[in-house]
Amino acid sequence: MLTFVLKISTMDYINLLNKRYATKAMNGKVVPQEKIDDILEAIRLAPTSSGLQPFEVFVITDKEVKSKIKEIAWNQSQVTSCSHLLVFAAWDHYTEDRINHMFDLTNEIRGFKNKG
Ligand SMILES: Cc1cc2nc3c(=O)[nH]c(=O)nc-3n(C[C@H](O)[C@H](O)[C@H](O)COP(=O)(O)O)c2cc1C
């Protein structure tokens with residue numbers, strides 16, 4: 001659950017984006033679980049075409065699993081030096097049933113109904 005209320009101007013937001021950077025070197029600290037939960041919630045709420053969310057996210061903390069992934073990820077050090085590795089697994093096949101299931105789930109959660 002996101003626990004803050006964003007009260008910033010568009011300019012403040014642009015300024016924040018100007019300071020944003022992609023971290024490639026870690027400081028050895030473990031990212032607190034609350035932050036991971038917030039990131040996962042932000043991913044869950046991200047726009048994905050009517051909430052289709054055609055991917056799954058794996059949160060990997062196991063050292064051995066991270067090492068195996070590193071081997072097939074051009075040996076990039078950040079794969080093992082991070083505390084949590086988030087792997088986005090995109091759907092590899094789309095079927096009518098699968099898409100309908102996601103739309104039905106969204107309707108159920110949001111209390112919507114399909115039109116006619
Ligand atoms: C097609 C593509 C492939 C990427 N592959 C990697 C990668 O293998 N390792 C990595 O650390 N970042 C990878 N990135 C992330 C970029 O290096 C960069 O961190 C990210 O796009 C954020 O941009 P920034 O450099 O402006 O912060 C990739 C980005 C894109 C678009």
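FYI, my numbering numbers position 10 of the sequence shown as 10, with every residue one higher than the one before it.
We treat Cβ as the ideally placed atom computed from N, Cα and C, and that holds for glycine.
Counting only residues whose CB is nearer than 7 Å to a non-hydrogen atom of ligand 1, the list in chain order is Arg20, Tyr21, Ala22, Lys24, Ala73, Trp74, Gln76, Gln78.
A direct Cα-to-Cα measurement between Gln33 and Asp104 gives close to 30 Å. Leu17 and Thr10 have their C-alpha atoms roughly 10 Å apart. Straight-line spacing of the CA atoms in Phe55 and Asp12 works out to 31 Å.
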